[in-house]
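The opening position of the sequence shown corresponds to residue 4 in our numbering, with each subsequent residue numbered one higher.
No residue lacks a Cβ here, since even glycine has one placed at the ideal position from N, Cα and C.
No experiment lies behind these values; they were computed from the predicted model shown.
Beneath this line is the structure, given in structure tokens, with notes to follow.
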Amino acid sequence: MKPAPFDYIAPASVPEAVGVLAERGADSRVLAGGQSLLIELRYRTARPALVVDVNRIPGLSEITVEDGSVHVGALVRHAQLEHARFDDPLAGLFREVAPYVAHPPVRARGTFAGSLAWAHPASEWCALAMALDAGIELEGPSGTRTVSADSWFRGPFATACLPEELVTGVRLPRPPAGATAAFAELRRTHGSFALAAAMVVLRLAGGRVDWVRIGLANAADVPLRAMEAERLMTGERPERELLAQAAARAAAESDPADEPHAPAAYRRHAIGALVRRCLTQAVERAETP
Ligand SMILES: Cc1cc2nc3c(=O)[nH]c(=O)nc-3n(C[C@H](O)[C@H](O)[C@H](O)COP(=O)(O)OP(=O)(O)OC[C@H]3O[C@@H](n4cnc5c(N)ncnc54)[C@H](O)[C@@H]3O)c2cc1C
């Protein structure tokens, strides 16, 4: 199907884009990589009167490594994260996760921030943002604000972004030095959305877990952080029994929906298995210098 007619504008700066959104935000949509929006336009599940293409705005395509955080500009593509080379455990996690996001052509255009703005429950990046307590940076007519990931996701395809606001970037706190990470996903075919996915970032100190984050995708109608499982592990020795208990706890924290190819009970079981695999791998990576 062809999209319904719409006006198109490509602002050259963030203030210009915000000015347009301030006037017409309620009946407009921002276009970033277009890998989700164009499908919505073609199926006419979205019928905005105006499309605001932000791709010509300079300065939004950088990954910036700072002391305590990594900043991902609003136009950083999935492919940039797939090839991230900076010196931080986060770069390894980006490289491990990115190949699970769609196919190379989609990754060449789709953006990290666009994934967070779209808020598909199965999005790997949304789970990563949740696990690491990302701050989503917004600019709107009343200025700038940052929303933490746990307040950002309001439901499937629903976020705290107001129609007159533009996401300008995402700030990810850097895991502590020496942290290791692992990611695992269950999907029906290469390139399809996750039936369930898990990621773990942890650090061992003195043979005990002193810091751990567990993120889950498609484990509920919003991305989840398995905080009870994290609490269970913190301060403990990462023995097999503990990892199994933490994985079971993470599965119990999840609330997956029935899907035609994967009933909820099956998906909950899969979440436990994926978390256990990630925990085991992250611990092995921490123990292998
Ligand atoms: C075949 C296929 C397979 C896919 N598989 C996966 C997958 O496995 N995992 C996954 O996570 N995703 C998958 N996707 C989605 C893909 O990752 C998209 O790139 C991503 O969801 C949206 O990013 P985008 O930059 O393309 O955003 P767009 O499509 O441009 O926009 C998506 C939504 O976010 C809003 N938006 C975007 N940027 C901003 C901004 N800066 N400020 C405010 N609002 C904004 C738009 O208005 C729109 O509502 C797949 C897509 C396709 C086509």
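Exercise. If you draw a straight line from the C-alpha of Ser39 to the C-alpha of Trp121, how long is it?
Worked result: 8 angstroms
Exercise. Cβ atoms of Leu205 and Ala182: under 8 angstroms apart, would you say?
Worked result: yes
Problem set entry | Segments of 4+ residues assigned as alpha helix (DSSP H) that fall wholly inside the stretch 41 to 119 | 81 to 85, 92 to 100, 107 to 112
Exercise. Using the C-alpha atoms, what's the distance from His264 back to Glu69?
Worked result: 43 angstroms
Exercise. Which one or two residues does DSSP pair with Gly146 in a beta bridge?
Worked result: Gly143
Problem set entry | Run of the beta strand (DSSP E) containing Met4, from where it starts to where it stops | That residue, Met4, is in no beta strand (DSSP E); it is neither H nor E in DSSP.
Exercise. Rounded to a whole number of angstroms, what is the C-alpha to C-alpha distance between Met230 and Asn58?
Worked result: 37 angstroms
Problem set entry | Stretch-stretch touch, CB-based, cutoff 8 angstroms, three pairs: the stretch 275 to 287 with the stretch 243 to 254 | yes
Exercise. Is Ala283 helix, strand or coil by DSSP?
Worked result: According to the sequence shown, residue 283 is Thr rather than Ala. DSSP places Thr283 in helix when its eight states are reduced to three.
For this session: Out of Pro8, Gly22, Ala7, point me to the one whose CA is closest to Pro14's CA.
Result: Gly22
Exercise. Cα separation between Glu233 and Thr192?
Worked result: 30 angstroms
Exercise. Along the chain, where does the alpha helix (DSSP H) that runs through Arg234 open and close?
Worked result: 230 to 236
For this session: Run the proximity test for Leu34: is its beta-carbon closer than 7 angstroms to any non-hydrogen atom belonging to ligand 1?
Result: yes
For this session: Tell whether a beta-carbon distance below 8 angstroms holds between Ala111 and Leu119.
Result: no
For this session: Give the single residue among Leu169, Phe196, Ala208, Phe186 whose Cα lies nearest to the Cα of Pro179.
Result: Ala208
Problem set entry | Trp128 Cβ short of 7 angstroms to ligand 1 heavy atom set | yes
For this session: May I ask you to check if the CB of Thr114 is nearer than 7 angstroms to at least one heavy atom of ligand 1?
Result: yes
Exercise. If you draw a straight line from the alpha carbon of Leu44 to that of Pro6, how long is it in whole angstroms?
Worked result: 5 angstroms
Exercise. So who's on the other strand from Arg216, going by DSSP bridges?
Worked result: Val204
Exercise. Less than 7 angstroms between the CB of Ser39 and some heavy atom of ligand 1, yes or no?
Worked result: yes
Exercise. If you scan the stretch 169 to 202 from start to end, which runs of the beta strand (DSSP E) of 3 or more residues do you find wholly inside it?
Worked result: 169 to 176, 183 to 190
Exercise. How long is the line joining the alpha carbons of Tyr46 and Phe160, rounded to whole angstroms?
Worked result: 16 angstroms
Problem set entry | Best match in Pro51, Ala285, Ala152 for proximity to Arg243 [C-alpha to C-alpha] | Ala285
For this session: Can you give me the Cβ contacts of Ala130 inside the same chain, cut-off strictly under 7 angstroms, excluding the 5 residues immediately before and after it?
Result: Ala200, Met202, Gly218, Leu219, Ala220, Pro226
Exercise. Can the beta-carbon of Val212 be found closer than 8 angstroms to that of Gly238?
Worked result: yes
Exercise. So is the beta-carbon of Val79 under 7 angstroms away from any non-hydrogen atom of ligand 1?
Worked result: no
Exercise. With 8 angstroms set as the bound, which would you pick, yes or no: does the beta-carbon of Asp70 sit closer than that to a beta-carbon of chain C?
Worked result: As a matter of chain content, chain C is missing from the structure shown, which is built from one protein chain.
Exercise. Which value, in whole angstroms, describes the spacing of the CA atoms of Pro166 and Pro241?
Worked result: 45 angstroms
Exercise. With burial defined as no fewer than 16 other Cβ atoms inside 10 Å of the residue's Cβ, what is the status of Ile42: buried or exposed?
Worked result: exposed
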